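Asks:
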Amino acid sequence: MISERRRWKLVLSYAPDWLVCIVLALVFYALDYVDGFKREFSLTDTSYAVHERVPPVALYMICGVAPLVLQAVINVLSVRSWWDLHTSLLGLLLSLSLAGGITQFVKITVGRPRPDLIARCIPKAGAADPPLGLSTAAVCTQTVKHILQDGWRSFPSGHSSLSFAGLGFLSFYLAGKLHLFDNRGHTVKAWLSVTPLSGAALVAISRTMDYRHHWQDVLAGSLLGLATAYFSYRQYYPPLHSQLCHEPYPPRSTRGGQTLPIHTRDVSDTSVLAGIASNDREMRPHTERRYSDRPSMGDEEMALETATHPTTSTEDSSARKEPWREPSHGSL
Numbered sequence: 005m006i007s008e009r010r011r012w013k014l015v016l017s018y019a020p021d022w023l024v025c026i027v028l029a030l031v032f033y034a035l036d037y038v039d040g041f042k043r044e045f046s047l048t049d050t051s052y053a054v055h056e057r058v059p060p061v062a063l064y065m066i067c068g069v070a071p072l073v074l075q076a077v078i079n080v081l082s083v084r085s086w087w088d089l090h091t092s093l094l095g096l097l098l099s100l101s102l103a104g105g106i107t108q109f110v111k112i113t114v115g116r117p118r119p120d121l122i123a124r125c126i127p128k129a130g131a132a133d134p135p136l137g138l139s140t141a142a143v144c145t146q147t148v149k150h151i152l153q154d155g156w157r158s159f160p161s162g163h164s165s166l167s168f169a170g171l172g173f174l175s176f177y178l179a180g181k182l183h184l185f186d187n188r189g190h191t192v193k194a195w196l197s198v199t200p201l202s203g204a205a206l207v208a209i210s211r212t213m214d215y216r217h218h219w220q221d222v223l224a225g226s227l228l229g230l231a232t233a234y235f236s237y238r239q240y241y242p243p244l245h246s247q248l249c250h251e252p253y254p255p256r257s258t259r260g261g262q263t264l265p266i267h268t269r270d271v272s273d274t275s276v277l278a279g280i281a282s283n284d285r286e287m288r289p290h291t292e293r294r295y296s297d298r299p300s301m302g303d304e305e306m307a308l309e310t311a312t313h314p315t316t317s318t319e320d321s322s323a324r325k326e327p328w329r330e331p332s333h334g335s336l
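Sequential numbering from 5 applies to the sequence shown in this note's numbering.
1) Taking N79 as part of the alpha helix (DSSP H), name the residues at either end of that continuous run.
2) Based on the DSSP secondary-structure assignment, which residues constitute the bridge partners of G144?
3) Hey, P117 and W156: beta-carbon distance below 8 Å or not?
4) Do three or more CB pairs link the region 55-73 to the region 160-170 at distances below 8 Å?
5) Is it right to say L136 is buried, meaning 16 or more other beta carbons lie within 10 angstroms of its own, or is it exposed?
6) Judging by CA-CA distance, which residue of N187, I112, F173 and A141 is the nearest neighbour of A70?
7) As a quick exercise: from G170, H90, S85 and T212, pick the residue whose alpha carbon is nearest that of L1.
8) For I106, report the span of its alpha helix (DSSP H) as first-last.
9) Quick check: the Cα distance between W195 and T145, rounded to an integer number of angstroms?
10) By Cβ distance, which residues of its chain are closer than 7 Å to T107, with the 5 residues on each side in sequence left out?
11) Quick one: Cα of R57 to Cα of S210, how far?
12) Have a look at D214 and V207 and give me their C-alpha separation to the nearest angstrom.
13) Mapping the DSSP letters down to three states, classify C67 as helix, strand or coil.
14) With a Cβ-Cβ cutoff of 8 Å, do A205 and S99 count as a contact?
15) Between the region 126-136 and the region 183-191, are three or more C-beta pairs nearer than 8 Å?
16) Cβ atoms of L94 and D154: under 8 Å apart, would you say?
17) Cα-Cα, which of L102, P255 and T91 is closest to L28?
18) Would I78 and Y177 qualify as a contact pair, given that the criterion is a beta-carbon distance under 8 Å?
19) Indicate whether P255 and C249 have their beta-carbon atoms separated by less than 8 Å.
20) Could you please give the first and the last residue of the uninterrupted alpha helix (DSSP H) stretch that includes S164?
21) What distance in whole Å lies between the Cβ atoms of D88 and P252, which are believed to be in contact at a cut-off of 8 Å?
22) What residue range is occupied by the uninterrupted alpha helix (DSSP H) comprising Y240?
23) Express the C-alpha separation of V110 and V222 in angstroms, rounding to a whole number.
24) Whole angstroms is fine: what's the gap from R285's alpha carbon to H90's?
25) So is I126 in contact with chain D if we call contact Cβ pairs under 8 Å?
26) Can you tell which of W219, L97 and L230 has the C-alpha that lies nearest to the C-alpha of G68?
27) Taking only the alpha-carbon atoms, compute the straight-line gap between K149 and V38 and give it to the nearest angstrom.
Below, the structure is given as structure tokens:
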């Protein structure tokens, strides 16, 4: 049984990750109250729509709650690991907080008018653009500050970046569990993996339909969200072409000694997702170390890894012993 002291060391080793996510989330909300740069605009652009197809509450459900629930379900259907649940939650929060923080910072810096700015501004009676120029916020009579202020936050689209950050991470997570890039070309796995991205695309497209964003805003936000999703996924999971892409990186451990067990069963066990993934790893030689891109280890950890995983060319993947697995104890 792992000691209480080592358990707390492991918990505290991930404290900076959670702290970064929390700080970025606070920055995201704090920047919303900053009175950023306001570009000049034309009073002839009267694009306007009253209702949003995806209001903020629905957005948070789509980009945050839905991926969290689905990742938990996928975990139960595949590895049934508390450690995988922890890392997937941490990765999802990192992706969302990064996308949100960057989006808000760029919004207040660029200050691009939304397509529906005139409706928000409510220009003074008789106001018109200068003969050789554009109008400024001085012509507006809107008294509700946040409505007017939000009119200059078109680039990039926050709905697009957050939807692709959340659903994009879910897509990478699902692709890893299914071993999408296994050189076998299963169409079903490809469709399942990209389904979350189609949902994110629909959210992004709705922003142009509601006259809340220009197409350039949506495109930039989508690319930003997808980039933060992949960046966050790779912080805790191997690349999708790895034979071990269905498992998160091992816990951060100190020199020597045992690490916490993170899996309660093999992915090759009977389950819906496991049944798809297990066929992809049969009859494959395992001649490389468990993680070719894992961080460098100390001498004691290297000796433990070598003793636990001797290099062979015929060992079946389902029979391998994991360095953090303890047969007689439960998982974290």
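Note that the Cβ used here is the ideal one computed from N, Cα and C, for glycine as well. None of the values given here were measured: they were computed from a predicted structure.
Replies: On the basis of the coordinates in this document:
1) Along the sequence shown, read from residue 1 onward, the residue named residue 79 stands at position 75. A70 to L81 is the extent of the alpha helix (DSSP H) around N79.
2) The residue given as residue 144 occupies position 140 in the sequence shown. Sequence inspection shows Cys at residue 144; the Gly mentioned does not correspond to that position. Paired residue(s): P127.
3) Stepping through the sequence shown from its first residue, residue 117 is reached at position 113. Stepping through the sequence shown from its first residue, residue 156 is reached at position 152. Contact flag set, yes.
4) yes
5) The residue you call residue 136 lines up with position 132 of the sequence shown. Its Cβ having fewer than 16 others within 10 Å, L136 is exposed.
6) Counting from one through the sequence shown, the residue named residue 70 turns up at place 66. The candidate whose alpha carbon is nearest that of A70 is F173.
7) Outside the modelled stretch of the chain, which goes from 5 to 336, sits residue 1, for which no answer is possible.
8) Working through the sequence shown from its first residue, we reach residue 106 at position 102. Looking at the DSSP string, the run of the alpha helix (DSSP H) that includes I106 is W86 to V114.
9) One-based indexing of the sequence shown puts residue 195 at position 191. One-based indexing of the sequence shown puts residue 145 at position 141. Cα to Cα, the separation comes out at about 50 Å.
10) In the sequence shown, counting from the first residue as 1, residue 107 sits at position 103. So the list reads P160, G162, S165, G225 and L228, once near-sequence residues are dropped.
11) Within the sequence shown, numbered from 1, the residue matching residue 57 stands at position 53. Within the sequence shown, numbered from 1, the residue matching residue 210 stands at position 206. Going by the C-alpha atoms only, they are around 6 Å apart.
12) As a working note, residue 214 is residue 210 in the sequence shown. As a working note, residue 207 is residue 203 in the sequence shown. Going from the Cα of D214 to the Cα of V207 covers about 11 Å.
13) Taking the sequence shown and counting its residues from 1, the one referred to as residue 67 is at position 63. Looking at C67 - three-state DSSP - the assignment turns out to be helix.
14) Translated into the one-based positions of the sequence shown, residue 205 becomes position 201. Translated into the one-based positions of the sequence shown, residue 99 becomes position 95. Not a contact, by the Cβ cut-off of 8 Å.
15) no
16) Translated into the one-based positions of the sequence shown, residue 154 becomes position 150. Translated into the one-based positions of the sequence shown, residue 94 becomes position 90. Cβ atoms of D154 and L94: not closer than 8 Å.
17) Counting from one through the sequence shown, the residue named residue 28 turns up at place 24. Closest by alpha carbon: L102.
18) The residue given as residue 78 occupies position 74 in the sequence shown. The residue given as residue 177 occupies position 173 in the sequence shown. A contact, by the Cβ cut-off of 8 Å.
19) Numbered from its first residue, the sequence shown carries residue 255 at position 251. Numbered from its first residue, the sequence shown carries residue 249 at position 245. Their beta carbons are not under 8 Å apart, which means P255 does not touch C249 by this criterion.
20) Your numbering for residue 164 matches position 160 in the sequence shown. It spans G162 to L182 - the alpha helix (DSSP H) in which S164 sits, taken as one unbroken run.
21) In the sequence shown, the residue the question calls residue 252 occupies position 248. In the sequence shown, the residue the question calls residue 88 occupies position 84. Correct: roughly 5 Å between the Cβ atoms.
22) Looking up residue 240 in the sequence shown gives position 236. Counting along the chain, the alpha helix (DSSP H) containing Y240 begins and ends at W219 to Y240.
23) Translated into the one-based positions of the sequence shown, residue 222 becomes position 218. Translated into the one-based positions of the sequence shown, residue 110 becomes position 106. Going from the Cα of V222 to the Cα of V110 covers about 14 Å.
24) In the sequence shown, counting from the first residue as 1, residue 285 sits at position 281. In the sequence shown, counting from the first residue as 1, residue 90 sits at position 86. Confidence is the limiting factor: at R285 the pLDDT is only 47, short of 50, which leaves the residue's position unreliable, though a coordinate-based value still follows. C-alpha separation (whole angstroms): 25 Å.
25) Of the protein chains in this structure there is only one, and it is not chain D.
26) Translated into the one-based positions of the sequence shown, residue 68 becomes position 64. It is L97 whose Cα lies nearest to the Cα of G68.
27) In the sequence shown, counting from the first residue as 1, residue 149 sits at position 145. In the sequence shown, counting from the first residue as 1, residue 38 sits at position 34. Their backbone Cα atoms lie some 11 Å apart in a straight line.
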